[in-house]
Amino acid sequence: MIAAFFERLNDTQGLNFSIFYDAFDRSRFLTGLWTTTYICVV
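In terms of the working numbering, the sequence shown opens at residue 9 and continues consecutively.
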């Protein structure tokens with residue numbers, strides 16, 4: 009349901025929140041978030 013909402017938002021409004029419906033993009037986003045957090049702590 010949430011994935012469909014964000015996919016429809018992308019199709020109709022051009023707002024791309026693909027991390028909510030695309031597993032590959034979500035993985036890349038979370039990896040980048042983790043890397044940023046790690047760099048800030050170290």
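Using N, Cα and C, we set each Cβ at its ideal position, and we do this for glycine too.
Given the structure is predicted, the values throughout are model-derived calculations rather than measurements.
{"Asked": "Endpoints, the alpha helix (DSSP H) within which LEU41 is located", "Found": "31-49"}
{"Asked": "Under the three-state DSSP convention, the category PHE25 falls into", "Found": "coil"}
{"Asked": "Proximity of PHE28 and ILE10 at Cβ, strictly below 8 Å", "Found": "yes"}
{"Asked": "Cβ-Cβ separation, PHE14 to PHE25 (assumed contact under 8 Å), whole Å", "Found": "5 Å"}
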